[in-house]
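In the working numbering, the protein residues as written are 882 to 1228. Here a beta-carbon is modelled for each residue, glycine too, at the ideal position from N, C-alpha and C. Read the structure below first, then the notes.
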Ligand code: NAD
Ligand code: DAU
């Protein structure tokens, strides 16, 4: 089987690529990634020479290039993760999100449709999406697979749009698809523009820890390797045309999470308890900031037997240890353009 994974040089994609390359020697895994600021081949150093792995540098919005790639390799399965993924950047440059997340998804759908001409036996298009398409929750309730779409940011609107196109290709052309909508991931190789690695990096450097608004926003955190395992299950055992919500059963208010992280970092760095907490700085809120996300993951649990394998405390400790042991990786990704981004975002 030839499997195409898009966005495999990014955070979640690199964990998915590694899992598939290691666990399925009879598959050939192609990793298509444009290597934007978020893509980094350092994330895949340990598997880059494996015989069942090929990296392809390319842009999913480049129709000619993508069509040629599909014609050459006749992908049996596509696991589509490539995206612009950061909400704050989508507020500054929404069009970039429409291009990659909407047009890019369309280009892949067309290419997949055009190589199989309706002959879809044992074929599958898996679209990896986000819980943000459901909008925001109040103080109570959970997102289920039947929650109406109600996206609030340009990022979530672009992901919602791509989900709709995938579903439309299923209805209109019979394209065999599955979609999963996952909550906030954390773990190794996450780019330090997202909350947890940004805080870790700033604590190491004794820099301010920016907390948006009053810090009472809630997210449902999931360890990235548990997301990758869920993707493996959905790809192999999920039912066509179904959606699966994936979440950590693990809600944290931002301010509580920041406080926990500060305590763990003080211990790891041998600093006096309370040192890092002093760095907490409340800053201007994110426009359109969703109050709360929380996933009801009972469908994937009941139907496919998935549940998270680590607690948040365990996952966070593994994550902190990894960033402390990989300071060179962190330094490499936080030089140059990152500094400019950081300056603009937090000045
Ligand atoms: P990321 O930003 O770390 O990685 C995205 C990858 O896509 C990068 O390697 C980048 O180079 C690549 N890419 C971007 N534009 C491209 C293009 N035009 N052509 C080819 N490659 C391109 O993202 P992530 O956090 O790993 O998220 C991966 C997917 O999972 C996304 O679709 C995202 O919406 C979804 N998701 C993320 C989370 C999360 O918490 N991070 C949660 C749920 C769902
Ligand atoms: O829910 C899934 C989504 O989770 C994914 O689809 C997105 O790709 C991913 O980026 C993430 O989106 P969030 O906006 O929830 O993640 P982020 O890490 O940017 O922010 C988490 C929370 O922390 C959010 O309430 C905003 C807040 N925050 C974030 C940053 C970067 C701060 O308070 N300060 C910050 O500096």
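Proximity of residue i and residue j at Cβ, strictly below 8 Å
i, j, result
"residue 1032", "residue 975", "no"
"residue 1065", "residue 1014", "no"
"residue 907", "residue 889", "no"
"residue 1067", "residue 1098", "no"
"residue 1080", "residue 1142", "yes"
"residue 1176", "residue 1023", "yes"
"residue 1084", "residue 1108", "no"
"residue 1009", "residue 960", "yes"
"residue 944", "residue 936", "no"
"residue 958", "residue 899", "no"
"residue 1198", "residue 1145", "yes"
"residue 1011", "residue 962", "no"
"residue 915", "residue 938", "yes"
"residue 1158", "residue 1140", "yes"
"residue 931", "residue 902", "yes"
"residue 994", "residue 1054", "yes"
"residue 1125", "residue 1180", "yes"
"residue 1082", "residue 1102", "no"
Straight-line gap, residue i to residue j (C-alpha atoms, nearest Å)
i, j, result
"residue 934", "residue 1073", "27 Å"
"residue 1093", "residue 1167", "6 Å"
"residue 992", "residue 986", "10 Å"
"residue 1056", "residue 1071", "32 Å"
"residue 996", "residue 949", "10 Å"
"residue 1111", "residue 1136", "28 Å"
"residue 1196", "residue 1138", "13 Å"
"residue 925", "residue 1218", "22 Å"
"residue 1049", "residue 1059", "12 Å"
"residue 1134", "residue 1077", "13 Å"
"residue 923", "residue 1090", "27 Å"
"residue 1025", "residue 1178", "8 Å"
"residue 1216", "residue 1001", "46 Å"
"residue 895", "residue 919", "11 Å"
"residue 1018", "residue 1028", "10 Å"
"residue 1016", "residue 1045", "15 Å"
"residue 1156", "residue 1147", "7 Å"
"residue 1205", "residue 1088", "16 Å"
"residue 1007", "residue 1030", "19 Å"
"residue 972", "residue 946", "29 Å"
"residue 966", "residue 1152", "34 Å"
"residue 892", "residue 927", "15 Å"
"residue 828", "residue 1020", "Residue 828 lies beyond the range of the chain shown here (882 to 1228); nothing can be said about it."
"residue 999", "residue 981", "26 Å"
"residue 1115", "residue 1220", "38 Å"
"residue 1043", "residue 1209", "36 Å"
"residue 1200", "residue 1171", "25 Å"
Residue i CB to nearest heavy atom of the ligand NAD below 7 Å
i, result
"residue 965", "yes"
"residue 985", "yes"
"residue 956", "no"
"residue 1107", "no"
"residue 915", "yes"
"residue 892", "yes"
"residue 974", "no"
"residue 940", "yes"
"residue 1065", "yes"
"residue 1040", "yes"
"residue 901", "no"
Residue i Cβ short of 7 Å to the ligand DAU heavy atom set
i, result
"residue 921", "no"
"residue 1011", "yes"
"residue 1088", "no"
"residue 1117", "no"
"residue 1075", "yes"
"residue 1211", "no"
"residue 1170", "yes"
"residue 1135", "yes"
"residue 1219", "no"
Contact set for residue i: own chain, Cβ-Cβ below 8 Å, skip 5 residues either direction
i, result
"residue 1202", "1149"
"residue 984", "942"
"residue 1086", "none"
Residues near residue i by beta carbon distance below 6 Å, same chain, minus five either side
i, result
"residue 1100", "1065, 1174"
"residue 968", "1034, 1036"
"residue 1191", "1104"
"residue 1189", "1107, 1129"
"residue 1069", "1203"
"residue 1051", "1058, 1122"
Cutoff 7 Å; reference residue i; Cβ partners in own chain excluding five residues on either side
i, result
"residue 1118", "1185"
"residue 921", "890, 1214"
"residue 979", "1039"
"residue 883", "909, 911, 954, 955, 956, 957"
According to DSSP, residues forming a beta bridge with residue i
i, result
"residue 894", "Answer is none; residue 894 lacks a bridge partner."
"residue 911", "885, 935"
"residue 1010", "1062"
Residue i: CB within 7 Å of a non-hydrogen atom of the ligand MN
i, result
"residue 887", "As for the ligand MN, it is missing from this structure, which binds only the ligand NAD and the ligand DAU."
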